[in-house]
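Enquirer: As you go down the protein sequences, you meet chains A and B in turn.
In my numbering, each residue's number is its place in the first sequence (first place is 1) plus 25.
In my numbering, each residue's number is its place in the second sequence (first place is 1) plus 25.
Quick one: the structure is below, questions incoming.
There are 2 protein chains.
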Amino acid sequence: MQTKSNQTTELEPHAAVTPMPSADRLARIHTRLEELLERGDISPEAFAEYSTVAHELPTTANTSAHEHNTAPTQFVEADGIRFAYRRFGNPIGTPIVLLQHFMGNLDNYDPAVTEALAAGREVILTDNAGVGLSTGAAPETVAGMARDAASLIDALGLTHVDLFGFSMGGYVAQQVTVDRPELVRRVILVGTGPRGGEGMAQLDPDTAPLFGTIYDPQDLMWLPIFFSPSDASQAAGRRFLGRIRGRREDRDAPVSPATIAAHSTAARRWGAGAAGRFDYLREIHQPVLVINGSNDIVIPTVNSYILQQNLPNAELILFPDSNHGSHFQFSEQFSRSATDFLERSNV
Amino acid sequence: MQTKSNQTTELEPHAAVTPMPSADRLARIHTRLEELLERGDISPEAFAEYSTVAHELPTTANTSAHEHNTAPTQFVEADGIRFAYRRFGNPIGTPIVLLQHFMGNLDNYDPAVTEALAAGREVILTDNAGVGLSTGAAPETVAGMARDAASLIDALGLTHVDLFGFSMGGYVAQQVTVDRPELVRRVILVGTGPRGGEGMAQLDPDTAPLFGTIYDPQDLMWLPIFFSPSDASQAAGRRFLGRIRGRREDRDAPVSPATIAAHSTAARRWGAGAAGRFDYLREIHQPVLVINGSNDIVIPTVNSYILQQNLPNAELILFPDSNHGSHFQFSEQFSRSATDFLERSNV
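Shown next as structure tokens:
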């Protein structure tokens, strides 16, 4: 048994939280509740209860006043690790926890995606152990990363979440779902692959150097890694960089070399094949949305197809002329598909 | 050079065409035009022009007064063949021509799909040569079927269309697009595969007998062919059968044994492999939406993945727990994805 210390601390300069939602946000909550009621997703009783709660929201501190670029970096302690996260969005429905890619921190989530998701639920951006402002040592296994991610979710007092995992974050999302099935309602896996997938034991020789190249500014590294060589894709990439540079204050700390090394090991181990390697996917009964670009040079696209074929209840979307970061390139289309998926009735 | 006789004849009892659209349909056209204007898909000048045309519509005969179950079976002659078709929907935008599956006729199109498509464009359901009420001999090659389909489109005076091909109709849609690239704007391929695809030279031994089994009524044959064995999928299948049985009058004629034999030969030839077998897909530069079920027992699902990977500009959607007829099972989700795709700006 693990002993958990659940303590939410908000540090300066992150405390500048507006304590009440705007009238506009309240109106959005009401519209959303009416939609859910109309679709039969919530009962009239639940509608009445939520409506009352929504009316009372202005008098209680909550996260819905924030958006991607204004949500303060917050911290929660669990298992001796102080996890950094940001939380914002519409406080109804099942919250979604976002699990980040290799070398990414809280500032690498795309506001075009998170804001769209936040219209219908709370969005919780996370730094796993050892990443950015999170303390602790980054584990050298996905299993360890999944334990830490689940600790963070538990420490936030969340008992039922949706997961969004991109790339290595998708490995973690799969493992959390296998380890803690009761915790997870639906899963979105982007640019990722199964344990022991095709060509996942090591990076392609043409791709590996892209992670070590020095740029000025360094975030230009993501253009060849996340986007295809076409003009259209590269232009979308520059728009993406503009979006993630949009947050000016309260930014995260860079990912340390020690964490990069540990995560490299974890990713390599996950990618290495094993007998019956895809059997574990059969245990994941949650609805899963699998998304990728047509030619993912980091985790070959065929692995998204393998995920869909081996998961009992998965939908696959592959975008044209795109690479590892297809959801950044097709952020609008992705957001529509993702919110449709999350809001779909379970029946 | 072929000599074409373009003559549209409407026979009794198919002549009961209401000559003017309802006020409701006119309002829908206006709303749609406003959306297109707002999105910048049409110029203010075009908007003004279309609006004027829309106002004049009530005084001219047109097809928009009809829906799936009321659209009369019409006929057009080309190359000595009298082609049967039905045409209805919103007379703006690029019309979409639907190409039918093996053993299917005009009554096998799903109104849940065609009505959704018809909200934003004209929908033209077709019987290829030798099918149903169309005269002529069914060709024993997909190339021949594609020539006939293009003749039909030409005979209708259409110069720019979207194509929707399901199963063998998807083979024809690919071939028409290769042969007549200037004619085709966008393509939707459902439950189909490339020339020389995986496992396409002959039907799976478990699947082949399903096409020869006698049922009462015979349309029950589609439950195991189009839907997965799960309760949910079979229930969706029964709803689909209910929908295609909904048209009571002016139904099509059954597909003849001679046509079934010819189309079997055509499908087998298309499925047989050849060197450089997927090269032709590189010539298709139109945007393509590829859709299939997770386990297509007629044309293995991997062929949808192969299509997406080899077409220069294709998006793939694979649905969970589904088979050859995934668009019938997920008709609502399919229709939303299809209309999104058709209405997406080309930029």
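Every residue, glycine too, gets a C-beta built ideally from N, C-alpha and C.
Name the residue from B:172, B:106, B:115 whose alpha carbon lies nearest to the alpha carbon of residue 56 (chain B).
Expert: B:115
Enquirer: Given residue 160 (chain A), which residues of its chain have a CB within under 7 Å of its CB, disregarding the five upstream and five downstream residues?
Expert: 106, 107
Enquirer: Which residues bound the beta strand (DSSP E) around residue 107 (chain B)?
Expert: 106-114
Enquirer: Taking 8 Å as the threshold (C-beta atoms), are residue 309 (chain B) and residue 217 (chain B) in contact?
Expert: no
Enquirer: Curious, which full-length alpha helix (DSSP H) runs of at least 4 residues does the region 148-192 of chain A contain?
Expert: 167-180
Enquirer: What are the residues of the region 212-224 of chain A that lie near chain B, defined by any Cβ-Cβ distance shorter than 9 Å?
Expert: none
Enquirer: Interface residues of chain B around residue 338 (chain A) at Cβ under 7 Å?
Expert: 345, 346
Enquirer: For residue 308 (chain B), which three-state DSSP category applies?
Expert: helix
Enquirer: If contacts are defined as beta-carbon pairs under 8 Å, then residue 329 (chain A) and residue 315 (chain A) qualify, I think. What distance do you get, rounded to the angstrom?
Expert: 5 Å
Enquirer: Does the beta carbon of residue 199 (chain B) sit closer than 8 Å to a beta carbon anywhere in chain A?
Expert: no
Enquirer: DSSP state of residue 85 (chain A), grouped into three classes?
Expert: A caution first: residue 85 (chain A) carries a pLDDT of 35, below 50, which makes its placement in the model unreliable, though a value can still be read off. Residue state, collapsed to three classes: coil.
Enquirer: Which partner residues of residue 99 (chain A) appear in the DSSP bridge assignment?
Expert: A:110
Enquirer: In whole angstroms, what is the alpha-carbon distance linking residue 221 (chain B) and residue 110 (chain A)?
Expert: 51 Å
Enquirer: Identify whether residue 331 (chain A) lies in helix, strand or coil by the three-state DSSP scheme.
Expert: DSSP places residue 331 (chain A) in helix when its eight states are reduced to three.
Enquirer: So residue 186 (chain A) and residue 208 (chain A) are supposed to be a Cβ contact under 8 Å. How far apart are they, rounded?
Expert: 6 Å
Enquirer: Measuring straight from C-alpha to C-alpha, what distance separates residue 227 (chain B) and residue 233 (chain B)?
Expert: 9 Å
Enquirer: From the DSSP output, in three-state form, read off residue 344 (chain B) for me.
Expert: In the structure shown, residue 344 (chain B) sits in a strand (DSSP, three-state: E or B).
Enquirer: Please identify the residue among A:181, A:174, A:190 whose C-alpha is closest to the C-alpha of residue 204 (chain A).
Expert: A:174
Enquirer: Any residues in the region 177-197 of chain A with a beta carbon nearer than 8 Å to a beta carbon of chain B? Which ones, in chain order?
Expert: none
Enquirer: When burial is assigned at 16 or more other CB atoms within 10 Å of the CB, is residue 238 (chain B) buried or exposed?
Expert: With fewer than 16 other Cβ atoms within 10 Å, it is exposed.
Enquirer: Nearest-angstrom Cα distance between residue 27 (chain B) and residue 183 (chain B)?
Expert: Confidence at residue 27 (chain B) is low in this model, with a pLDDT of 40, below 50, so its placement is unreliable and no value can be given for it.
Enquirer: In three-state terms, what does DSSP make of residue 214 (chain A)?
Expert: Strand.
Enquirer: Does residue 299 (chain B) come out as helix, strand or coil in the three-state DSSP assignment?
Expert: coil
Enquirer: So residue 348 (chain A) and residue 236 (chain A) are in contact, right, with Cβ under 8 Å, and what is the actual spacing, rounded?
Expert: About 14 Å separates the beta carbons of residue 348 (chain A) and residue 236 (chain A), which is beyond the 8 Å limit, so they are not a contact pair.
Enquirer: For chain A, check one thing: does any of its Cβ atoms lie closer than 8 Å to the Cβ of residue 259 (chain B)?
Expert: No, its Cβ sits nowhere closer than 8 Å to a Cβ of chain A.
Enquirer: Where does residue 316 (chain B) fall in DSSP's three states?
Expert: Residue 316 (chain B): strand per DSSP, three-state reduction.
Enquirer: In terms of alpha-carbon separation, which member of B:245, B:73, B:168, B:148 lies closest to residue 92 (chain B)?
Expert: The shortest C-alpha separation from residue 92 (chain B) is found at B:148.
Enquirer: Tell me the rounded alpha-carbon separation between residue 361 (chain B) and residue 243 (chain B).
Expert: 30 Å
Enquirer: Looking at chain A, which residues of the region 308-334 of chain B have a Cβ within less than 9 Å of any of its Cβ atoms?
Expert: 312, 313, 315, 319, 320, 326, 327, 330, 333, 334
Enquirer: By a C-beta neighbour count over all protein chains shown, 10 Å radius and 16 as the cutoff for buried, is residue 304 (chain A) buried or exposed?
Expert: By the 10 Å Cβ count, residue 304 (chain A) comes out exposed.
Enquirer: With distances taken from CA atoms, which of B:283, B:341, B:69 is nearest residue 333 (chain A)?
Expert: B:341
Enquirer: For residue 339 (chain A), which residues from the same chain have a beta carbon less than 8 Å from its beta carbon, with the 5 sequence-adjacent residues on both sides left out?
Expert: 312, 313, 314, 315, 332, 333
Enquirer: What span of residues does the alpha helix (DSSP H) with residue 384 (chain B) cover, start to end?
Expert: An answer regarding residue 384 (chain B) cannot be provided, because it is not within the stretch 26 to 372 covered by chain B.
Enquirer: Output the boundary residues of the beta strand (DSSP E) element that contains residue 336 (chain A).
Expert: No beta strand (DSSP E) holds residue 336 (chain A); DSSP gives it neither H nor E.
Enquirer: Just curious, the alpha helix (DSSP H) that residue 269 (chain A) is in, first and last residue?
Expert: 256-269
Enquirer: Measure from the alpha carbon of residue 192 (chain B) to the alpha carbon of each residue in B:273, B:270, B:346, B:351, then state which is nearest.
Expert: B:351
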